[in-house]
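> In full-length UniProt numbering, the protein residues as written are 1 to 250.
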């Protein structure tokens, strides 16, 4: 008999990709495993990917965690990597602990993962030491992301900032452009390619292609978040066609 799990996500108001890619992965998993999932979101206001707007948005995450816990979700994901990483080094740990505490105070405790923490933890699970990163943000914000990841113990050998300021335009970025962007990067000695250090920039359809072309494991923020959610639910972290981390190898 299959079990039903409620997946909660805290998303920026202009985010449309995380509510596409995570359901796509967990729905694909249903073809090979018995568990079933429903999807529930609460929104934080954000239109432009700027540091001050991200900070104002993050202040709404407590409310969103409480609202989702009203629905008794089984896991709660904070779906904005750059909002967390722009708040200071290691902030994902503070955010996860605080939001989990909010669900507990609401008598509906749920494990909390952030896409930022999930990406860091996913790279550690994969044994990565040297990585390459593609991000849609403006250069100053991308530099914050790179510094955050370096502070977690990784060498960032090469990175690309696509410099797309509007969050809806990030969602409109054609994932088929990503393989060509990666072809122009220095991947010598790189252990993992982070194809999208952003949960709003679509990337899932081209992950297998980039893995095949580069011969490198490919990770995205959405894939890492899905892995973290499944681990939090104590379910096998396997999804067909979703890259090395969800291949079952880990």
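Quick reminder that beta carbons are idealized off the backbone N, C-alpha and C, glycines included.
1) Given a threshold of 16 other Cβ atoms within 10 Å of its Cβ, counted over all protein chains shown, does residue 144 qualify as buried or as exposed?
2) Quick check: the stretch 19-33 against the stretch 84-98, are at least 3 beta-carbon pairs closer than 8 Å?
3) Measure the alpha-carbon distance for residue 68 versus residue 218 and round it to whole angstroms.
4) Which residue wins for smallest C-alpha separation from residue 53, given the options 109, 38, 63, 87?
5) Would you list the one or two residues that DSSP bridges to residue 77?
6) Beta-carbon separation of residue 168 and residue 119 under 8 Å?
7) Short of 7 Å in beta carbon distance, which residues of its chain neighbour residue 89, apart from the five on each side in sequence? Order them along the chain.
8) Only counting runs of 3 or more residues, tell me where the beta strand (DSSP E) segments fall wholly within the stretch 178-241, in order along the chain.
9) Do you know offhand how far residue 187's Cα is from residue 109's?
10) Can you look up residue 247 in the DSSP assignment and give me helix, strand or coil?
11) According to DSSP, simplified to helix, strand and coil, what is residue 1?
12) Using 8 Å as the threshold, is the stretch 99-107 in touch with the stretch 121-139, meaning 3 or more CB pairs across them?
13) Counting along the chain, where does the alpha helix (DSSP H) carrying residue 92 start and finish?
14) Along the chain, where does the beta strand (DSSP E) containing residue 69 start, and where does it finish?
15) What's the call for residue 7, buried or exposed, on a 16-neighbour Cβ count within 10 Å?
16) Within the same chain, show all residues whose beta-carbon is closer than 8 Å to that of residue 165, passing over the 5 residues directly before and after it, in chain order.
17) For a quick check, are the C-beta atoms of residue 83 and residue 9 less than 8 Å apart?
18) Considering just the uninterrupted stretch of the alpha helix (DSSP H) at residue 139, what are its terminal residues?
19) With DSSP as the reference, label residue 134 as helix, strand or coil.
20) Look at residue 132 and residue 190 and say whether their C-beta atoms are less than 8 Å apart.
21) Would you mind sorting residue 124 into buried or exposed? The rule is 16 or more other CB atoms within 10 Å of its CB.
22) Going by the beta-carbon positions, is the gap between residue 22 and residue 220 smaller than 8 Å?
23) Report the three-state DSSP secondary structure of residue 18 (helix, strand or coil).
24) Is residue 317 near residue 34, with beta carbons less than 8 Å apart?
Let me lay it out:
1) Start at 1 with the first residue of the chain shown, and residue 144 comes out as number 144. Buried, because 16 or more other Cβ atoms sit within 10 Å of the Cβ of residue 144.
2) no
3) Locating residue 68 in the chain shown gives position 68, where the first residue counts as 1. Locating residue 218 in the chain shown gives position 218, where the first residue counts as 1. Straight-line Cα distance between these residues: approximately 31 Å.
4) Here residue 53 corresponds to residue number 53 of the chain shown, with the count starting at 1. When each option's Cα is compared against that of residue 53, the closest is 87.
5) Taking the chain shown and counting its residues from 1, one reaches residue 77 at position 77. The partner list for residue 77 (beta bridge, DSSP) reads 9, 113.
6) In the chain shown, residue 168 corresponds to position 168, counting from 1. In the chain shown, residue 119 corresponds to position 119, counting from 1. Not in contact: residue 168 and residue 119 (Cβ atoms no closer than 8 Å).
7) If you number the chain shown from 1, residue 89 lands on position 89. Closer than 7 Å at Cβ, skipping near neighbours: 148, 151.
8) 192-196, 218-220
9) Numbered from its first residue, the chain shown carries residue 187 at position 187. Numbered from its first residue, the chain shown carries residue 109 at position 109. About 42 Å.
10) For the purposes of this step, residue 247 is taken as the residue at position 247 of the chain shown. The answer is coil: DSSP assigns residue 247 none of H, G, I, E or B.
11) For the purposes of this step, residue 1 is identified with residue 1 of the chain shown, where counting begins at 1. Residue placement at residue 1 is poorly supported in this model, since its pLDDT is 46, which falls under 50; the coordinates still yield a value, given next. Residue state, collapsed to three classes: coil.
12) no
13) Position 92 of the chain shown, counted from the first residue, corresponds to residue 92. Annotation for residue 92: the continuous alpha helix (DSSP H) segment containing it runs 91-105.
14) In the chain shown, the residue the question calls residue 69 occupies position 69. Element bounds for residue 69: not the beta strand (DSSP E) but the alpha helix (DSSP H), 61-70.
15) In the chain shown, the residue the question calls residue 7 occupies position 7. Classification of residue 7: buried, given that the 10 Å Cβ count is 16 or more.
16) Residue mapping note: residue 165 aligns to position 165 of the chain shown, counting from 1. Same-chain partners within the cutoff: 48, 49, 50, 138.
17) Here residue 83 is taken as the residue at index 83 of the chain shown, counted from 1. Here residue 9 is taken as the residue at index 9 of the chain shown, counted from 1. Not closer than 8 Å, so no.
18) Here the question's residue 139 lines up with position 139 in the chain shown. From DSSP, the alpha helix (DSSP H) with residue 139 extends over 139-151.
19) Indexing the chain shown from 1 puts residue 134 at position 134. Three-state result, residue 134: strand.
20) As a first step, residue 132 must be located in the chain shown, where it is residue number 132. As a first step, residue 190 must be located in the chain shown, where it is residue number 190. It is a contact, given that the beta carbons lie within the stated cut-off.
21) By one-based count along the chain shown, residue 124 stands at place 124. By the neighbour-count criterion, in which 16 or more other beta carbons inside 10 Å mark a residue as buried, residue 124 falls on the exposed side.
22) Residue 22 sits at position 22 when you count from the first residue of the chain shown. Residue 220 sits at position 220 when you count from the first residue of the chain shown. Not closer than 8 Å, so no.
23) Numbered from 1 along the chain shown, position 18 holds the residue referred to as residue 18. In the structure shown, residue 18 sits in a helix (DSSP, three-state: H, G or I).
24) There is no way to answer for residue 317, as the model of the chain reaches only from 1 to 250.
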